[in-house]
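Worksheet: the structure to be examined is printed underneath.
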Amino acid sequence: MTTVQYLREPDVEQEIRRPRVLVVDDDPAIRLLYAINLELAGFEVLAAEDGQRGLESAVNELPDLVLLDIGMPRLDGFGLAEQLQRDSRTRPIPFIFVSGESAPMSRARAQLLGALDYVTKPFDPHALVSLVTGALAGNGAPGH
-7 MTTVQYLREP DVEQEIRRPR VLVVDDDPAI RLLYAINLEL AGFEVLAAED GQRGLESAVN
53 ELPDLVLLDI GMPRLDGFGL AEQLQRDSRT RPIPFIFVSG ESAPMSRARA QLLGALDYVT
113 KPFDPHALVS LVTGALAGNG APGH
């Protein structure tokens, strides 16, 4: 008697993880704009409404990239970037500032903190998605 074994289909959902982007901005409309555009492009979006919650989310979720505003309550974007750089778990995570602040000193500070880029609001959502996609492709997202 011959026994036939059927191979189970692999659980595609489990095997393919979408890149995760953490969005840290105190403006709910901006967070929604990020979420809609990034999710349509195939990213999983995590969101935090201030720098402190953004830091907690980064440590707990280890996203592949962080988009952060500068002017936020509890912990501003510069403080968040400094905290990310101090922690060995979050240091490898690339980050991009997206801010209404356009002063050259802010751009310089972002660069000194290790930001991949600095985008000024208002921004083109499609260009931002392209920037995120390129950053993850060229930077090699942390393996987690």
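In terms of our numbering, the sequence shown has -7 at position 1, counting the first letter as 1, and numbering is strictly consecutive.
No residue lacks a Cβ here, since even glycine has one placed at the ideal position from N, Cα and C.
This structure is a prediction, so every number in the text was calculated from the model and none was measured.
C-alpha distance - residue i paired with residue j, whole-angstrom precision
{"i": "L30", "j": "L14", "result": "11 Å"}
{"i": "I8", "j": "A119", "result": "25 Å"}
{"i": "Q77", "j": "L47", "result": "11 Å"}
{"i": "S49", "j": "D18", "result": "15 Å"}
{"i": "P117", "j": "Y26", "result": "7 Å"}
{"i": "L128", "j": "P11", "result": "8 Å"}
{"i": "G63", "j": "S91", "result": "8 Å"}
{"i": "P96", "j": "Y110", "result": "11 Å"}
{"i": "L144", "j": "L123", "result": "What the structure shows of the chain is the stretch from -7 to 136, and residue 144 is not part of that stretch, so it cannot be assessed."}
{"i": "E36", "j": "V58", "result": "12 Å"}
{"i": "F115", "j": "S98", "result": "17 Å"}
{"i": "D56", "j": "L38", "result": "11 Å"}
Presumed contact (8 Å Cβ cut-off) between residue i and residue j, rounded CB distance
{"i": "L54", "j": "R81", "result": "7 Å"}
{"i": "A33", "j": "T125", "result": "7 Å"}
Neighbourhood of residue i by C-beta, 6 Å cutoff - its chain only, sequence neighbours within 5 removed
{"i": "V16", "result": "A40, G46, L60"}
Beta-carbon proximity list for residue i, same chain, < 7 Å, skipping 5 on both sides
{"i": "S94", "result": "T112"}
{"i": "V121", "result": "N29, L30, A33"}
{"i": "V51", "result": "D79, R81, T82"}
{"i": "R66", "result": "D42, G43, Q44"}
Same chain, Cβ closer than 8 Å to residue i, neighbours up to 5 away in sequence not counted
{"i": "E74", "result": "L105"}
{"i": "G130", "result": "none"}
**Request:** Take every Cβ of the segment 67 to 82, pair it with every Cβ of the segment 102 to 110, and state whether three or more of those distances are shorter than 8 Å.
**Result:** yes
**Request:** Specify whether the segment 38 to 45 and the segment 77 to 91 touch according to this definition: at least 3 beta carbon pairs, one from each stretch, less than 8 Å apart.
**Result:** no
**Message:** If we require 4 or more residues per run, which alpha helix (DSSP H) segments fall completely within the segment 72 to 108?
**Reply:** 96 to 105
**Request:** With a floor of 4 residues, list each alpha helix (DSSP H) that falls wholly inside the segment 5 to 64, ordered by position along the chain.
**Result:** 20 to 32, 43 to 53
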